[in-house]
Amino acid sequence: MQFKQILLYAVFSAYSLVTYAQNYGSVRGYVRTESGEPIPSVSLKVQGGSIGTMSNSSGFFTLQKLSPGRYMLHISGVGYPALEKEINIQAGKESELHITMREESIAMESATVIGRTVVQDRNRQAYNVTAVDAKQLYNTTLDLAGALDRVSGIRVRESGGVGSNFNLSLNGFSGNHVRYFIDGIPMDNFGTSFQINNIPINIAERIEVYKGVVPIWLGSDALGGAINIITGSKQRNYIDASYSYGSFNTHRSVINAALTSEKGLTFRLSAFQNYSDNDYKVKVDAADIYTGAYSPNTWVRRFHDTYHNETLISQVGVVDKPYADQLLLGITLGQNYKEIQTGARMVSVFGAWHRRGNIIMPTLKYKKTDLIKGLDVTLNANYNLGSERNIDTVNARYGWYGDSKPNGSNGERSRSLYKYKNNNGIANAMFNYRIGKKQAIALSNVFTTFNREGTDPLNPEVQENEEKKKSQKNVLGLAYNFDEEDQWSISVFGKHLLQNNHSGSRATTTNKLGYGVAGTYFLQPDLQLKASYERTNRLPEAQEIFGDVENQEGNPDLRPEQSNNINFGISYSFALNPNSKFMVNANAIYRHSDNFIYNRLNNNQSKLIADNREGVRTIGGDGEIRYSYKDWLSAGATITYQYLQNLQQYETGFTGVSPVYKDQMPNIPYLFGNSDVSVSLRLNLGYNLLYVHAFYLYWPSRGGDKLDIPQQLSHDLNLVYSIRNGRYNIGLEGRNIGNALLYDNFSLQKPGRAFYLNLRYFFNK
Amino acid sequence: MKPLQTMIAAFVAAATLASCSKSDSDVTPPTPDNPGNYILTVTPAASEAVADYLLTASNLDAGKISTAGNGIEQDGTYRYYVTHNNKFFSMLYGQGNPGAVTAYDIQDGKLNKLTNFQTETVQAFEPVNDDLLLFKISRSLTSPLSNWYKVNTNSLLITSEGSTNTLELTGNGELAHFSWLKQVGDKVYAPYFSIKGGNFATDYPDSAWIAVFNYADMSVEKVIKGDRTSFIGRYFRDGLALTENGDLYGFSAAVATDGAAFNSTKPSAVVKIDTEREEFDPSYFFNFEEASGGMNITEWLYLGNNTFMVLASTKEEKGAYATGKHVGIINVVDKSFKSVSGMPDAASIESLTYNNYTPKDGETAYLGVNLADGTTWVYKIDASTSTATRGLQVEGGRLTAIQYLP
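Set out below in structure tokens:
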């Protein structure tokens, strides 16, 4: 007998010990697919009565206080044909019911394009959401950032190899316009040891990308969109381990495991590690540090770019208890080491400057659906006790050849042993109350705090280190949803945002209100329209106000951004014949932002700094098309165009119209796309193409002899061979196989051709 | 609806929305360039994060030039410009980072890039012989070494480098920060202000110092000290000038601070340095503050014939890093001050350019004037009549330097 079934049986036996009032009976059970996968959110209704429930995330359900007798139970869920089952309730007894649902094969078939199957459900929300099925990428060496780069409308800009800084843009919004969540918990303050550029894809089950309006249950003050990483594993007992090795001495390993006892006691562990020398070749103007002479277009190897991080996430708690579907106490422990090869531009070379950081973060997660009937509650809290240290102690000037010469007594850039704690914490609470089947009210509150404290033994006299750097933020949201399933749904919401900042002796308080509406309409079951409007607020982030001590300079004068966003989307799925299926998505956006927040180079070209533009208008669109043939061929392409226009008419200090009024915003990629083809037989073969159109570094209308970031085209290939039904997997991956020059973030070069071998073991019981 | 139709409709909708934006942009169309031997550097007024543009002009007295589709883009905006040895140097100020320098000459009225080379980011640079002498100056008491570099303007390479302990130089527990450098014979005079650290505060606001370097080996031979003014020059500004007969004059802006407020009791004044005895000349003192009715000099430009164009600010406008908006003419021999007429009133001026051009004929200066209404002009200053006349218009932002290459 399967372990799972023994376990279930044990669980049910335990429950049966609980006696009910003798007048009533109850029924418990679970819903799963033919292949044994649990199905959450399945509605179970007793016909002719008001009693009903939904299956939880593990597919379990209970129906209580049923008068004895025979009933028909109506079972329905998106993507599965409705079922009816007879149940026989006996007084004082609890009966068991195991339901197996067939995946929809008639009406829904045309909507099921492989590559998106598991995540179809999410895509049917009123919000403009794209869900990426992370499991399909488990045999790759991608981190979350790499996976996101393949989504239409998204462009992840990295400043180099493994562990380098990244900046994600979503429909023209970038940096902290886009917020990251992990299981609905804001990732704002997780520190450098735990970010989307160092979390492997295998941690995630799926990634939801919200463009424009972000649902209230994600709280926070996202403006351009949000990315929610869902880790919640459906399997109660499993182990998933992978190791990869590749170019630039890159090692990555990931272990994910969960162990759940019969009584619902659970232990979950995720551990991962990244190591890379990042010693890829770059083409630079290499200076002779003694004479200053440049050798233009010289190929040199990066020599001071080693990065490694090790992170352990452990959680212990209970699942599927009457008082909690999930109650987990955990701790995230991690550390990272990062050598800093260049400044914000590649002309600044460093050979010893580095950073060390760690994360010590206790976490609490609580989740209960139907705490009282219809009320779902989620609570999360975490506090990061970790610290970071900026180490620049070598008084030398390095050149691209790795040589150095003494350079006074002020370190490489600025002598420092600054060690600091950001003391950041997050607490959020979410309540969702369903009124009947169609209506729901959601209330959420997110509180975050940041208080940087640090000292620098080398610069005790630097007052800046002693200054107060504190930021607290609270976002309260309320939403109302009406959902006429598979016909239309609408969501109306409002948010109150409050931020208190202390920068030195200066204190500022911001109070803002935001609101919006999002709706979707199904013209026919597989043709969906989505539209939304939102008045949003984006509050400055602590890192933007106070800097990151490295290549991001703080800007205490940064103002909150407000914008009016309108999104419109259409998606359609159809089949030419039972074997050839298509899915088409198209979205259009219009945004008008006041005090648009964007990253620019500081005046010295040495760091990036967040700044405001009084007005920026974004008009854009993105499209996606996917095709699948039977279940072995899948192909798709995405394209994104976004036109960001400067609408700041007057510059500070001037009364006349600015020379760059209505000019296109510089240094933002505006046309990009990708396409992929994968063939999955016993051998899985995939190809991915990434294209970014050339763009200007500075204002496009100014100057005749201009600096630009040239067009970029890169090809990735991967090959996966699986045996024993996916238990053992061997993957081979080639990235940028054309060895194209790829640039990012103000012309920082990325790695050339690279190969990786990935071994993965997956075991599930 | 048929599948294919829907698909097409969706894409058309997206494409229409995307493309209609293009027609919406009505940025200034490109303007023709204006070949000539004057070089004008322009920063788009749009906050920062922008590049400077190098433009040329054949005549500063009239006409119009623009950066719209025109000009050589310079990477970064904290740029400083100097001409020496028939070359124009564009230097990036990159703080702790190395700075790239691009050298140009002029051919047929167009800038021609000679080479890029790398130097450190420096706070003072000045032609000495065939070199540019650069000084990267410390502002941290715990790391008191300040580095100098000699860049040969023929080979365009750094030929030697070394360091000076600028904490030991003062002997008062503060750091010496050179305001600028000036070649006097085979010496380099480096006036400095005394600072406690990065906030540039001092407990010694009522003294002036000039370090005298032997250029050959850059050893400090002497520190000239005076107590009648605050320090000579100011941050990033050349406060010394040599006249045709070899007299050396210096101005004090009187802008020393204790970190919060001005703390010098001395007036903004012009002093003379006896280069034979290497002392301030006790017999010479020109109290500018008194002569101008309470203003202080923020920068000056030597026009020849003992005549200077000065930029000055009033007591209310005074700032440690503020470029004055009032233009005057002084004669250091007569100790006379005249206000220049014909300038736009100070309220309508956004800023004046500090890096200006003079043919050194004793009476002419070309001054960059950035008006608050967004227009920028070169004004021709005639010292003989103390008048200003509007000349070349520059479209596209703030004028940051006016230079000339033969």
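So the sequences go chain by chain: A and B.
All residue numbers for the first sequence refer to the numbering used here, where the first residue is 1 and numbers rise by one.
All residue numbers for the second sequence refer to the numbering used here, where the first residue is 766 and numbers rise by one.
For every residue, glycine included, the Cβ atom is placed at its ideal position computed from N, Cα and C.
At a beta-carbon threshold of 7 Å, the residues of chain A lying near T1140(B) are G656, ordered along the chain. A Cβ-Cβ separation of about 12 Å leaves G673(A) out of contact with Q642(A) under the 8 Å criterion. Of N917(B), N964(B), G1069(B), F853(B), the smallest CA-CA separation from P1124(B) is found for G1069(B). When C-beta distances to chain B are compared with 9 Å, the residues of the region 275-300 of chain A below that value are D285, A287, D288, I289, Y290, T291, G292, A293, Y294, P296, in chain order. Distance from the Cα of G834(B) is smallest, within the candidate group Y756(A), I709(A), Y696(A), Y721(A), for Y696(A).
The beta carbon of T848(B) sits closer than 8 Å to those of I804, F854, Q1168, Y1169, L1170, all from its chain and outside the five residues before and after it, given in chain order. For Q562(A), the secondary structure class from DSSP, reduced to helix, strand or coil, is strand. Taken through DSSP and simplified to helix, strand or coil, N428(A) comes out as strand. For the C-beta of V347(A), the chain B residues within less than 9 Å are, from N- to C-terminus, D840, L857, G859, N862, P863, G864, A865, Q883. For Y846(B), no CB of chain A lies under 9 Å from its own CB, so it is not counted at the interface with that chain.
Within chain A, the C-beta atoms nearer than 9 Å to that of V916(B) come from G292, in chain order. Per DSSP, T931(B) is one residue of the alpha helix (DSSP H) stretching across 931-935. Secondary structure of Q648(A) (DSSP, three-state): coil.
When C-beta distances to chain B are compared with 8 Å, the residues of the region 387-418 of chain A below that value are N395, R397, N407, G408, S409, N410, G411, E412, R413, S414, R415, in chain order. S1057(B) and F958(B) have their C-alpha atoms roughly 24 Å apart. The straight-line gap separating the alpha-carbon atoms of L681(A) and Y180(A) is approximately 35 Å. Taken through DSSP and simplified to helix, strand or coil, L1164(B) comes out as strand. Apart from the 5 residues on each side of it in sequence, G1093(B) sits with its Cβ closer than 7 Å to the Cβ of S1057, V1075, A1077, F1102, K1103, S1104, V1105 in its chain, given in chain order.
Of all alpha-carbon atoms in P863(B), N1135(B), S1033(B), the one lying nearest the alpha-carbon of T886(B) is that of P863(B). Taking 9 Å as the cut-off, the Cβ atoms of E310(A) and A257(A) do not count as close. With contact defined as three or more Cβ pairs closer than 8 Å, the region 405-414 of chain A and the region 366-386 of chain A are not in contact.
For the region 689-705 of chain A, the set of residues with a beta-carbon nearer than 7 Å to any beta-carbon of chain B comprises Y698, W699, S701, R702, G703, G704, D705, in chain order. In this structure, DSSP gives S1106(B) an extended state, which the three-state scheme calls strand.
The residue among D285(A), V46(A), I227(A) with its C-alpha nearest the C-alpha of T880(B) is D285(A). For S984(B), there are no neighbours in chain A by C-beta distance under 9 Å, as the nearest C-beta there is about 17 Å away. Counting C-beta pairs with one atom in each stretch, the region 200-213 of chain A and the region 240-257 of chain A have three or more that are closer than 8 Å, which means they touch. From the beta-carbon of Y957(B), no residue of chain A is found nearer than 7 Å; the closest lies around 17 Å away. Contacts with chain A (Cβ-Cβ distance below 8 Å) from the region 891-912 of chain B involve K901, S903, S905, L906, T907, S908, P909, L910, S911, N912, listed in chain order. Straight across, the Cα-Cα distance linking M54(A) with Y30(A) is about 10 Å. Per the Cβ contact rule, the region 550-565 of chain A is in contact with the region 595-607 of chain A (3 or more Cβ pairs under 8 Å). Pairing G92(A) with V42(A) gives a Cβ-Cβ distance that is not under 9 Å. Inter-residue distance for Y670(A) and V209(A) is about 19 Å (C-alpha atoms, whole angstroms).
Within the same chain, and ignoring the five residues on either side of Q499(A) in sequence, the residues whose Cβ sits closer than 6 Å to its Cβ are K473, T510, L539. Collapsing the DSSP output to three states places W632(A) in coil.
Burial check for N718(A): the Cβ neighbour count within 10 Å reaches 16 or more, so the residue is buried. The way I'd put it, the region 473-488 of chain A does touch the region 439-447 of chain A; three or more beta-carbon pairs between them come closer than 8 Å.
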